[in-house]
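Participant:
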Amino acid sequence: MGFSHLLLLLLFFLGVDGTTFILKNNCGATIWPGILTSYQAPALMNGGLELKAGESQNISAPDNWSGKFWARDGCSFDSQGMGKCYVGDCGGTLHCEGKDGDAPASAAEFVLGSDSDSYDISLVNGYNMEVSIEPVGGDGNCSKISCSVDLNQCPQQMQFKAQGKVVACMTPCLIFNNPMACCTGEFSDPEKCQANSYTEVFKSSCPLAYNFAFDDATKSYTCSGANYVVSFC
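Numbers in my numbering are just positions in the sequence shown, counted from 1, shifted up by 903.
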């Protein structure tokens, strides 16, 4: 019996309220998922956790929760949860507790609603690791979406390196840090902020992901009454 079928049966018999997220580490090494909750709501798992290779973690979220998950990599924390990650760091702590992760980092984003949920994969802050979202149960379209970019194909100007290796791929905003590249100021308008050769690097590999602030060509995915498996690698 597959993982999704086992999960569906477990959630059915437990009678889970709200929504359950199942974070899975399919990578060959430990990762440290970060969790950012929107609108000042209490942070899930205090905003961060450690997942060894092959491990998963069930996380319960209240109705109408919204936020995002991302994978931190290359982390080292002491017994007090203080340290550093070379990708996705959130202020040098294991538990992000309301702090966003440093770019570049790919993210799985959710807005849970009473009628339906919306979800997407965002590369607006760059890409560091393969990520997928798979609804379990639920009604509606409920599509599984995923994104995988070959970091070896990341153009040199977009490469983010740590310890001599390319560990992430940057966005134009990170590279140039100006209003035109970041879609801010007078460029915070879909008519002025459009796709370019840099965003196309992501779009060609991940057509289902949001690649810049006004990437309206990408659909918003919806599902009602589902739980969600968020997998890294």
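Idealized CB from N, CA, C, for every residue including glycine.
All of these numbers come straight from a predicted model, not from anything done at the bench.
(1) Out of curiosity, what's the CA-to-CA distance linking Q947 and S1019?
(2) Go ahead and label M1061 buried or exposed: buried means 16 or more other beta carbons lie within 10 angstroms of its beta carbon, across all protein chains shown.
(3) Could you compute how far the alpha carbon of N1081 sits from the alpha carbon of S1009?
(4) Give a yes or no on whether the C-beta atoms belonging to Y1124 and Y1030 are separated by under 9 Å.
(5) In the DSSP assignment, the alpha helix (DSSP H) including T1074 goes from what residue to what residue?
(6) May I ask which residues mark the beginning and end of the beta strand (DSSP E) holding P936?
(7) Give the range of the alpha helix (DSSP H) segment to which S979 is assigned.
(8) Within the chosen definition, does the stretch 923-940 reach the stretch 950-965 through at least 3 CB pairs nearer than 8 Å?
(9) For G974, which option in A1112, W968, L954, S1046 has the closest C-alpha, if you only look at C-alpha atoms?
(10) Determine the closest residue to L1111 out of G921, C1136, N1055, K1047, with distance taken between C-alpha atoms.
(11) Less than 9 Å between the C-beta atoms of P1075 and F1135, yes or no?
(12) Within 10 angstroms of the Cβ of M985, are there 16 or more other Cβ atoms? Answer buried if so, exposed if not.
(13) According to DSSP, is M1032 helix, strand or coil?
(14) For the structure I just gave you, are there three or more beta carbon pairs, one from the stretch 995-1006 and one from the stretch 1041-1058, closer than 8 Å?
(15) Who are K1140's beta bridge partners in DSSP?
(16) Taking just the CA atoms, how far does C1086 sit from P1038?
(17) Is it buried or exposed for Y942, if we count other Cβ within 10 angstroms and need 16 for buried?
(18) Quick check on this structure: which residue in F972, K987, F1117 has the alpha carbon closest to the alpha carbon of Q1097?
(19) With distances taken from CA atoms, which of G1043, D976, A932 is nearest G1128?
(20) Let me make sure I understand the geometry here. Which of N949, G977, V1014, L939 has the alpha-carbon closest to that of V1069?
Facilitator: Short version:
(1) According to the sequence shown, residue 947 is Leu rather than Gln. When rounded, the distance between both Cα atoms is 20 Å.
(2) buried
(3) 21 Å
(4) no
(5) Where T1074 is concerned, there is no enclosing alpha helix (DSSP H), given that its DSSP letter is neither H nor E.
(6) Going by DSSP, P936 is part of the beta strand (DSSP E) stretching over 935-940.
(7) Per DSSP, S979 belongs to no alpha helix (DSSP H); it is in the beta strand (DSSP E), 969-980.
(8) yes
(9) In the sequence under discussion, the amino acid at residue 974 is Ala, which differs from the Gly named in the question. Looking from the CA of A974, the closest CA among A1112, W968, L954, S1046 belongs to L954.
(10) K1047
(11) With respect to F1135, P1075 sits apart: the two C-beta atoms are not nearer than 9 Å.
(12) exposed
(13) Coil, per DSSP.
(14) no
(15) Because the chain in this structure spans residues 904 to 1136, residue 1140 falls outside the shown range and cannot be described.
(16) 31 Å
(17) exposed
(18) Ranked by Cα distance from Q1097, the first of F972, K987, F1117 is F1117.
(19) If we check each option's Cα against that of G1128, G1043 comes out closest.
(20) That would be G977, whose Cα lies nearest to the Cα of V1069.
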